[in-house]
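**Student:** Residue numbering for the sequence shown follows this note's numbering, beginning at 123 and increasing consecutively.
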Amino acid sequence: MRVLNSDTHPFDEELVRGLTELSHDRPPLDPTASPRQANATIFRGDLADIRVPALGLHGESDPVLRVGAAHATAKAIPGARLVSYPGMGHFMPTALWTTIADETAILADRSRSTATSTTTGAAP
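1) Going by DSSP in three states, residue 234 sits in which element: helix, strand or coil?
2) Does DSSP put residue 140 in a helix, a strand or coil?
3) Along the chain, where does the beta strand (DSSP E) containing residue 190 start, and where does it finish?
4) So does residue 210 have its beta carbon nearer than 7 angstroms to some heavy atom of the ligand GTP?
5) State the DSSP-derived secondary structure class of residue 158, mapped to helix, strand or coil.
6) If we ignore side chains and look at the alpha-carbon of each, how far apart do residue 225 and residue 219 end up?
7) Can at least three beta-carbon pairs, one atom from the region 145 to 157 and one from the region 194 to 202, be found at a separation below 8 angstroms?
8) Report yes if the CB atom of residue 238 is closer than 8 angstroms to the CB atom of residue 175, and no otherwise.
9) Measure how close the beta-carbons of residue 131 and residue 192 come, nearest whole angstrom, since I'm counting them as under 8 angstroms.
10) In the DSSP output, what is residue 128 paired with across the bridge?
11) Taking the C-alpha atoms as reference points, what is the distance between residue 180 and residue 210?
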(Lines of atoms letter the chains of each structure in order from A and count residues from 1; the text may use other names and numbers.)
(Lines give C-alpha, C1' and ligand atoms only; values in the text may rest on other atoms or scores of the structure.)
Protein backbone atom coordinates (compact mmCIF):
# COMPACT_ATOMS: atom_id res chain seq x y z
CA MET A 1 0.00 0.00 0.00
CA ARG A 2 2.84 2.36 0.78
CA VAL A 3 4.00 2.26 -2.84
CA LEU A 4 0.65 3.75 -3.95
CA ASN A 5 1.31 6.82 -1.83
CA SER A 6 3.51 9.70 -2.95
CA ASP A 7 6.59 11.09 -1.27
CA THR A 8 4.89 14.49 -0.93
CA HIS A 9 2.25 13.44 1.59
CA PRO A 10 2.98 11.36 4.68
CA PHE A 11 1.83 7.75 4.61
CA ASP A 12 -0.68 7.19 7.42
CA GLU A 13 0.02 3.54 8.17
CA GLU A 14 -2.51 3.32 11.01
CA LEU A 15 -5.31 4.74 8.85
CA VAL A 16 -4.49 2.53 5.86
CA ARG A 17 -4.23 -0.53 8.11
CA GLY A 18 -7.67 0.23 9.58
CA LEU A 19 -9.25 0.77 6.16
CA THR A 20 -7.66 -2.42 4.87
CA GLU A 21 -9.01 -4.39 7.82
CA LEU A 22 -12.50 -2.97 7.27
CA SER A 23 -12.33 -3.87 3.60
CA HIS A 24 -11.04 -7.36 4.34
CA ASP A 25 -13.65 -8.08 7.03
CA ARG A 26 -16.68 -7.42 4.83
CA PRO A 27 -17.98 -9.93 2.34
CA PRO A 28 -17.37 -9.06 -1.30
CA LEU A 29 -20.38 -7.27 -2.70
CA ASP A 30 -19.76 -8.32 -6.26
CA PRO A 31 -16.95 -10.71 -7.22
CA THR A 32 -16.98 -9.37 -10.78
CA ALA A 33 -16.40 -5.76 -9.67
CA SER A 34 -12.58 -5.73 -9.69
CA PRO A 35 -12.17 -7.32 -13.13
CA ARG A 36 -14.92 -5.08 -14.51
CA GLN A 37 -13.19 -1.99 -13.12
CA ALA A 38 -9.85 -3.08 -14.56
CA ASN A 39 -11.42 -3.59 -17.98
CA ALA A 40 -13.23 -0.25 -17.78
CA THR A 41 -9.91 1.57 -18.00
CA ILE A 42 -9.53 0.53 -21.63
CA PHE A 43 -13.02 1.45 -22.85
CA ARG A 44 -14.32 4.98 -23.36
CA GLY A 45 -17.09 4.53 -25.90
CA ASP A 46 -20.03 5.31 -23.63
CA LEU A 47 -18.48 8.26 -21.79
CA ALA A 48 -19.80 10.73 -24.35
CA ASP A 49 -23.33 9.61 -23.47
CA ILE A 50 -23.07 10.71 -19.83
CA ARG A 51 -25.49 13.59 -19.25
CA VAL A 52 -25.03 14.29 -15.56
CA PRO A 53 -22.43 16.43 -13.81
CA ALA A 54 -19.16 14.51 -13.49
CA LEU A 55 -16.07 15.18 -11.40
CA GLY A 56 -12.69 13.51 -11.64
CA LEU A 57 -10.27 13.72 -8.72
CA HIS A 58 -6.78 12.54 -9.55
CA GLY A 59 -3.32 12.53 -8.05
CA GLU A 60 -0.64 13.82 -10.37
CA SER A 61 1.80 11.32 -8.81
CA ASP A 62 -0.54 8.32 -9.08
CA PRO A 63 1.59 5.25 -9.91
CA VAL A 64 -1.47 3.18 -10.93
CA LEU A 65 -3.32 5.49 -13.34
CA ARG A 66 -1.45 8.22 -15.18
CA VAL A 67 -2.85 11.72 -14.90
CA GLY A 68 -3.12 11.78 -18.70
CA ALA A 69 -5.78 9.08 -18.44
CA ALA A 70 -7.78 11.31 -16.09
CA HIS A 71 -7.54 14.19 -18.56
CA ALA A 72 -8.68 11.92 -21.41
CA THR A 73 -11.62 10.65 -19.37
CA ALA A 74 -12.71 14.14 -18.35
CA LYS A 75 -12.44 15.32 -21.94
CA ALA A 76 -14.61 12.41 -23.11
CA ILE A 77 -17.47 13.27 -20.72
CA PRO A 78 -19.44 16.37 -21.77
CA GLY A 79 -19.11 19.08 -19.13
CA ALA A 80 -16.93 16.99 -16.83
CA ARG A 81 -14.59 18.74 -14.44
CA LEU A 82 -11.19 17.36 -13.46
CA VAL A 83 -9.29 18.44 -10.38
CA SER A 84 -5.76 17.07 -10.19
CA TYR A 85 -3.60 17.35 -7.11
CA PRO A 86 0.17 17.82 -7.39
CA GLY A 87 2.03 15.31 -5.25
CA MET A 88 -1.00 13.09 -4.59
CA GLY A 89 -0.55 9.40 -5.34
CA HIS A 90 -3.29 6.78 -5.63
CA PHE A 91 -4.50 7.42 -2.07
CA MET A 92 -6.29 10.58 -0.98
CA PRO A 93 -4.11 12.01 1.80
CA THR A 94 -5.86 13.31 4.91
CA ALA A 95 -4.39 16.77 4.25
CA LEU A 96 -6.61 16.99 1.15
CA TRP A 97 -9.81 15.52 2.59
CA THR A 98 -11.43 18.92 3.22
CA THR A 99 -10.58 20.14 -0.28
CA ILE A 100 -11.85 16.91 -1.81
CA ALA A 101 -15.05 17.09 0.26
CA ASP A 102 -15.56 20.67 -0.95
CA GLU A 103 -15.18 19.55 -4.58
CA THR A 104 -17.66 16.75 -3.95
CA ALA A 105 -20.15 19.22 -2.43
CA ILE A 106 -19.84 21.42 -5.53
CA LEU A 107 -20.61 18.37 -7.68
CA ALA A 108 -23.66 17.56 -5.52
CA ASP A 109 -24.92 21.13 -5.92
CA ARG A 110 -24.45 20.90 -9.70
CA SER A 111 -26.31 17.59 -9.69
CA ARG A 112 -29.23 19.07 -7.75
CA SER A 113 -29.36 22.04 -10.12
CA THR A 114 -29.38 19.73 -13.13
CA ALA A 115 -32.11 17.54 -11.63
CA THR A 116 -34.23 20.59 -10.76
CA SER A 117 -33.88 22.15 -14.21
CA THR A 118 -34.82 18.92 -15.99
CA THR A 119 -37.87 18.26 -13.79
CA THR A 120 -39.08 21.87 -13.71
CA GLY A 121 -39.79 21.83 -17.43
CA ALA A 122 -41.55 18.47 -17.31
CA ALA A 123 -45.23 18.26 -18.22
CA PRO A 124 -47.59 17.49 -15.30
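Glycine included, each C-beta is placed from N, C-alpha and C at the ideal position.
**Tutor:** Working from what's here:
1) Shown here, residue 234 sits in a helix according to DSSP, grouped into three states.
2) In this structure, residue 140 counts as helix in the three-state DSSP scheme.
3) Counting along the chain, residue 190 falls outside any beta strand (DSSP E), though it belongs to the alpha helix (DSSP H) covering 189 to 198.
4) This structure simply doesn't include the ligand GTP, nor any ligand for that matter.
5) Helix, per DSSP.
6) Each residue's Cα considered, the two are about 10 angstroms apart.
7) Short answer: they don't touch.
8) Against a cut-off of 8 angstroms, the Cβ pair of residue 175 and residue 238 comes out as no contact.
9) The C-beta distance from residue 131 to residue 192 rounds to 18 angstroms, too long to meet the 8 angstroms contact threshold.
10) Per DSSP, none; premise fails for residue 128.
11) Distance from the CA atom of residue 180 to the CA atom of residue 210, rounded to whole angstroms, is 8 angstroms.
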